[in-house]
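Have a look at the structure below before the remarks.
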Ligand code: 3PG
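Residue numbers (the working numbering): 11 to 424.
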């Protein structure tokens with residue numbers, strides 16, 4: 011285990027009979043209609059860490075978050091996650107739909123040696139979101155007064171964080187417990203940091219970033235970083251990000267899509283889009299066409315023919331060809347966020363063709379983020395990619411040299 015960072019590894023402590031608070035990232039891609047988990051990659055990756063603690067005789071309280079297909083819809087309980095963990099660990103992991111209230115605390119107090127429980131979705135707590143969104147910028151010591159930390163820290167002997175995928179989130183569950191409890195990072199954290207450090211030090215140029223998906227705040231955060239630090243030679247915008255950027259450039263997307271964008275409060279990304287397009291006109295490549303559904307068929311339309319009142323759900327063939335050519339010439343390709351709604355067969359083409367191009371490209375590819383990894387597993391052989399990372403937002407920020415709140419907090423741990 012690499013430990014250049016001076017962060018303690020999980021095997022540093024003896025957990026026999028001790029209460030351990032374990033923060034993992036098992037935030038998984040969800041089917042938009044059924045709200046069921048569609049990819050278990052992050053759950054699978056958390057198994058060795060939980061198993062290690064159970065075998066070491068710990069009483070484990072697991073904390074985690076789960077989002078929805080869009081940003082900030084954090085309403086999904088972790089019931090299914092508990093079921094999947096129970097199956098994979100071959101032992102019962104209970105779920106309690108309470109993050110740190112009296113019921114959760116009682117459950118934790120009653121844990122026996124070698125038992126684990128998952129507490130409620132952390133994102134039920136506004137303090138978990140508002141802090142990293144800078145709506146309520148709490149100082150590190152102020153985070154100790156949050157509901158989560160006040161209630162859980164006194165019940166615990168150790169804090170383990172193995173949630174590298176959320177390392178960019180300055181939330182109490184990620185950065186506060188280290189101030190109070192002896193802390194260590196889990197094996198997945200070290201694996202990801204070691205693998206990504208190698209790519210970050212010597213990325214072959216040109217470095218191409220494929221930024222798509224519906225998590226538009228993440229794509230914009232990344233874009234800002236990789237453009238301003240000079241890490242990106244080309245950004246291939248797709249998904250909702252591509253649509254909003256086209257809108258910022260003056261393209262009328264039609265009333266249906268425009269209404270959809272406005273209703274989700276995504277107009278706030280128009281101004282940053284204009285700035286990036288003004289400052290980096292050569293580097294940002296935008297879609298040339300879109301796909302939508304008409305009478306059960308996939309139809310494509312060039313942006314020159316807009317506006318039409320359709321709900322675009324994928325990029326079209328002209329965009330795919332243009333992006334494929336750029337990917338073929340890339341030295342390094344970083345992917346975060348699919349090109350369209352690939353779970354629907356009518357709209358899988360963009361993601362499938364782009365991912366296939368990345369898998370067969372000569373450049374080194376790094377795929378990150380839940381949906382992007384799902385697409386890689388669905389359409390390609392995962393071994394054809396250079397590295398598959400559990401993290402999306404955290405990965406790209408790490409690669410752009412941004413200091414990640416989790417890493418900073420772990421370095422300063424008690
Ligand atoms: C991710 O999916 O990138 C991590 O789980 C973090 O999720 P978030 O973007 O909702 O903070």
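Glycine included, each C-beta is placed from N, C-alpha and C at the ideal position.
The model shown is predicted, which means the values in this text are computed figures rather than measured ones.
Where do the ends of the alpha helix (DSSP H) carrying residue 128 lie?
Premise fails: residue 128 lies in the beta strand (DSSP E), 126-128, not in any alpha helix (DSSP H).
Measure the beta-carbon distance from residue 217 to residue 241 and round it to whole angstroms, keeping in mind my assumption that it falls under 8 Å.
6 Å
Do three or more CB pairs link the segment 333-349 to the segment 362-372 at distances below 8 Å?
yes
Range of the contiguous alpha helix (DSSP H) that encloses residue 62:
51-65
Straight-line CA distance for residue 62 to residue 204?
Approximately 20 Å, taken between the alpha carbons.
Check whether the segment 392-405 touches the segment 147-163, taking contact to mean three or more Cβ pairs, one atom from each stretch, closer than 8 Å.
No, the segment 392-405 is not in contact with the segment 147-163.
In the DSSP assignment, find the unbroken beta strand (DSSP E) run with residue 115 in it and report its ends.
First-last for residue 115: 112-119, but that is the alpha helix (DSSP H), not the beta strand (DSSP E).
In this structure, how does DSSP classify residue 144 when only helix, strand and coil are distinguished?
coil
In the DSSP assignment, find the alpha helix (DSSP H) that holds residue 289 and state where it starts and stops.
280-289
Residue 266 to residue 320, Cα distance in whole Å?
6 Å
On the DSSP letters alone, give me the boundaries of the alpha helix (DSSP H) that residue 339 sits inside.
327-339
By how many angstroms is the C-alpha of residue 284 removed from the C-alpha of residue 318?
Taking the straight line from one Cα to the other gives about 23 Å.
What did DSSP end up calling residue 298 once you bin it into helix, strand or coil?
coil
Does ligand 1 have a heavy atom nearer than 7 Å to the CB of residue 225?
yes
Are the beta-carbon atoms belonging to residue 86 and residue 195 less than 8 Å from one another?
no
Own chain, CB closer than 7 Å to residue 424, minus 5 neighbours either side, in chain order
188, 189, 190, 191, 192, 193
Taking the alpha-carbon of residue 95 as reference, which of 78, 120, 53 has the nearest alpha-carbon?
53
Between residue 327 and residue 310, is the Cβ-Cβ spacing less than 8 Å?
yes
Best match in 49, 97, 104, 41 for proximity to residue 71 [C-alpha to C-alpha]
Considering only alpha carbons, the answer is 104.
Using three-state DSSP, classify residue 11 as helix, strand or coil.
Because the pLDDT at residue 11 is just 45, under 50, the model does not fix this residue reliably, and the point stays unresolved.
For ligand 1, is there any heavy atom lying closer than 7 Å to the beta carbon of residue 176?
yes
If you reduce the DSSP assignment to three classes, tell me which class residue 188 lands in.
Residue 188 falls in the helix class under three-state DSSP.
DSSP state of residue 156 mapped onto helix, strand, coil
coil
When every heavy atom of ligand 1 is checked, does at least one fall within less than 7 Å of the C-beta of residue 308?
no
Own chain partners of residue 406 with C-beta closer than 6 Å, once the 5 adjacent residues on each side are dropped:
If you ignore the 5 residues before and after residue 406, its C-beta comes within less than 6 Å of the C-beta of 232, 346, all in its own chain and listed in chain order.
Any idea what DSSP makes of residue 29, helix, strand or coil?
Collapsing the DSSP output to three states places residue 29 in a strand.
Reference residue 389; option with closest CA among 362, 404, 412
The candidate whose alpha carbon is nearest that of residue 389 is 362.
Touching by the beta-carbon criterion (3+ pairs, under 8 Å), the segment 39-46 and the segment 170-184
no
Are the beta-carbon atoms belonging to residue 355 and residue 381 less than 8 Å from one another?
no
Can you tell me whether residue 35 sits near ligand 1, meaning its C-beta is under 7 Å from at least one heavy atom of the ligand?
yes
Less than 8 Å between the CB atoms is what I'm expecting for residue 23 and residue 67, so what's the real figure, rounded?
With 8 Å as the limit, residue 23 and residue 67 do not qualify as a contact, their Cβ atoms being about 12 Å apart.
Rounded to whole angstroms, what's the CA-CA distance from residue 199 to residue 413? Just pull it up for me.
Cα atoms of residue 199 and residue 413: separation of roughly 15 Å, rounded to the nearest angstrom.
Where residue 133 sits in the DSSP three-state scheme
helix
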